[in-house]
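Residue numbers (the numbering used here), protein chains in the order written: chain F, 1 to 222; chain G, 1001 to 1222. For every residue, glycine included, the Cβ atom is placed at its ideal position computed from N, Cα and C. See below for the structure under consideration.
2 protein chains.
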Amino acid sequence: MEHFLELKTTKIFKDANEFECQAMMFCFKTRFKTFDKNEIIVSQGDELEYVILILKGAAIAQNIDSLGEISILSQLKCGDTYGVESAFAGEKFYKDNLIATEKSLVLFLNTHRLLNPCPNKCKRHDFVLKNLMQTVAESSMKLLDKLYHMSKKSTREKLMSYFISMSKKSNSTYFEIPFNKTELANYLSVDRSAMSTELSKMKAEGLIDFDKKQYHIIKKEL
Amino acid sequence: MEHFLELKTTKIFKDANEFECQAMMFCFKTRFKTFDKNEIIVSQGDELEYVILILKGAAIAQNIDSLGEISILSQLKCGDTYGVESAFAGEKFYKDNLIATEKSLVLFLNTHRLLNPCPNKCKRHDFVLKNLMQTVAESSMKLLDKLYHMSKKSTREKLMSYFISMSKKSNSTYFEIPFNKTELANYLSVDRSAMSTELSKMKAEGLIDFDKKQYHIIKKEL
DNA sequence: TCCTTTTTGTTGTAAAAACAACACTTTTTA
DNA sequence: TAAAAAGTGTTGTTTTTACAACAAAAAGGA
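Structure (structure tokens):
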């Protein structure tokens, strides 16, 4: 089957064998399509007919607000989906432009077929739904985490909140974060240079230590 | 059937008739329980065995971090659920204390029964899952909205971003918001008095007008 | 109705963050 | 490997925000 290897690595289809995948491609009226760098995968405001699954490459979701300002809301990697929440929430249109940031292979899954009972009663359909549910739930919890850090007043508190949560996840005061400094500042919605200054202060005060993406919480204080 | 009227008003069970509800109470190993004001419904760190559905009353989810600081993460009303995202994401423990803020009636639904195929193959089980999926997706989109507003740098931008989004939802420059000023400040994570000052300025500059919870965008500018 | 509580707007001050500009380092890629 | 690009830390300045304290208005309860 075409692209089975890529499907197998995604959270959504990880449980299914080649035959089942093949069958589900019909269930979900899927189609594969490749996009070049900077090509638009879906456009903000277009009818939400398909949920998107990135199989190769990467993409960004960018939103243009009514003041004309562009903001990048998320970065999608292999295995990531776009539009699932919107589809399940009953939205009719895409909320963002989805743009390939490199040559990408994308799978389109028909939202109607996804949301409604499978006409073929295929066994694996329920697993896919459960997997989708899991990814939605996980992304929701990630949003909650981010919100929790961002709701802190000062940059230092935002940083500490994030570090403590990362420290908990790795069960150690030593941990690695998935961001460089610039990305961390974006994640926490603070000015990069101001954050850099604060990090240096915290290091000087002996609260934390860090090198590249490696961090160490020494004292849990503010 | 006991408490059918309350169940019927929730998003989760809205599709089901009394007989089906009755059947599902067995499927999900549910139990009803009443709580007095300030009683703890579930405790942070306890095993996540049940998803909670508030049928009467109200509750708050409060989180105590490792610095001992308490923060209120959400306020639950009738029909609201707690723990669904955690359950579907495979979390093992409750992330917060859930505390009744008034005399409340609560339904507990067994997470294992919810997540796995129904042994009774009851017809409505899938609808409940779909409804749950919808509520999770909707709450996820609400979080995204909030995050979008909060990521703006200045208080004025946060306010404008929120107002524009509320205006879009009601298809009018006149709209009502679900918050009083204090609650709005909490929602946007800004200081109430600073926000009050900013609102007054915006009114004086002729950008917006407001009275109580009624707002009007006059000019979409900053 | 009156009294109490909550909500709201205002002000001044202190603290913090954004911003801009720069040098230096690391990473990428041609 | 050299050149270009991206990332990082530092500084000083300006702007914004948080904080605190208060009075007035509105809402709720007895």
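*Going by beta carbon distance, what residues of the same chain come within less than 7 angstroms of G/D1080, once the five residues before and after it are set aside?*
I1054
*Answer with yes or no whether the minimum CB distance from F/V42 to chain G is below 7 angstroms.*
no
*F/T83 burial status per 10 Å Cβ neighbour count (16 or more: buried)*: Note on identity: in this sequence residue 83 of chain F is Gly, with Thr being the wrong assignment. F/G83 comes out buried.
*With distances taken from CA atoms, which of F/A89, F/C122 and F/L7 is nearest F/V136?*
F/A89
*asked:* If we define contact as Cβ-Cβ less than 7 angstroms, is G/V1190 a contact residue for chain F?
replied: no
*Among G/K1123, G/S1154 and G/C1078, which one has its Cα closest to the Cα of G/E1102?*
G/C1078
_Helix, strand or coil, according to DSSP, for G/Y1162 in the structure here?_
helix
*asked:* Strictly under 7 angstroms for the Cβ-Cβ distance: is F/S170 near chain G by that measure?
replied: no
*Is the beta carbon of G/L1048 less than 7 angstroms from the beta carbon of G/E1091?*
yes
*Please list the partners that G/V1051 has in chain F, where partner means a Cβ-to-Cβ separation under 7 angstroms.*
Chain F residues near G/V1051: none, gap ~11 angstroms exceeds 7 angstroms.
*Could you check what DSSP says for F/T173 in three-state terms: helix, strand or coil?*
coil
*According to DSSP, what are the bridge partners of G/R1192?*
For G/R1192, which the question treats as bridged, DSSP gives no partner whatsoever.
*Report the rounded CA-to-CA distance for G/E1157 versus F/D96, giving the unit in angstroms.*
20 angstroms
*Beta-carbon of F/I208 versus every beta-carbon of chain G: anything under 7 angstroms?*
no
*Can the beta-carbon of F/T34 be found closer than 7 angstroms to that of F/L105?*
yes
*For F/T34, does the three-state DSSP call read helix, strand or coil?*
strand
*Whose CA, out of G/R1124, G/I1070, G/S1140 and G/P1117, lies closest to the CA of F/K125?*
Just to set this straight, residue 125 of chain F is His in the shown sequence, not Lys. Closest option to F/H125, Cα to Cα, is G/P1117.
*Contacting positions in the segment 1133 to 1146 of chain G - beta carbon closer than 8 angstroms to chain F*: M1133, Q1134, V1136, A1137, E1138, S1139, S1140, M1141, L1143, L1144 and K1146
*If you measure beta-carbon to beta-carbon, which residues of the segment 149 to 167 of chain F are closer than 7 angstroms to chain G?*
M150, S151 and I164
*Whole-angstrom distance between G/L1143 and G/V1042, CA atom to CA atom*: 23 angstroms
*Which residues DSSP lists as bridging F/T155, in chain order*: According to DSSP, which records beta bridges pairwise, F/T155 is partnered with nothing at all.
*So, do the segment 1209 to 1219 of chain G and the segment 1159 to 1167 of chain G have three or more beta carbon pairs nearer to each other than 8 angstroms?*
yes
*asked:* Give me the subset of the segment 69 to 90 of chain F whose CB atoms are less than 8 angstroms from a CB atom of chain G, sorted by chain position.
replied: S71, L73, V84, E85, S86, A87, F88, A89 and G90
*With 7 angstroms as the threshold, decide whether the Cβ of F/S66 is near any Cβ in chain G.*
yes
*For the alpha helix (DSSP H) that contains G/N1131, what are its first and last residues?*
H1125 to M1150
*With a 10 Å radius around its C-beta and 16 neighbouring C-beta atoms as the bar for buried, classify G/I950 as buried or exposed.*
Residue numbering for chain G in the displayed model covers 1001 to 1222; residue 950 of chain G lies beyond these limits and cannot be assessed.
*Are the beta-carbon atoms belonging to G/T1155 and G/E1221 less than 7 angstroms from one another?*
no
*For G/L1207, collect the residues of the same chain with a Cβ closer than 7 angstroms to its Cβ; drop the 5 residues on either side in sequence, then sort them by chain order.*
I1218, K1219 and E1221
*Which residues does DSSP pair with F/L222 in a beta bridge?*
Answer is none; F/L222 lacks a bridge partner.
*Report yes if the C-beta distance between F/F13 and F/C21 is below 7 angstroms; otherwise report no.*
yes
*What number of angstroms, rounded off, separates the C-alpha of G/K1201 from the C-alpha of F/T30?*
52 angstroms
*asked:* Just to confirm the assignment: which complete beta strand (DSSP E) runs, minimum length 3, are found wholly within the segment 1044 to 1127 of chain G?
replied: 1050 to 1056, 1059 to 1064, 1070 to 1076, 1097 to 1100 and 1104 to 1110
*Using a Cβ cut-off of 7 angstroms, pull out every chain F residue sitting near G/K1220, in sequence order please.*
S66 and L67
*Using only alpha-carbon positions, find the residue among F/L184, F/Q134, F/L188 and F/N131 that is nearest to F/V152.*
Note that residue 152 of chain F is Lys in the sequence shown, not Val. With distances taken between Cα atoms, F/K152 lies closest to F/L188.
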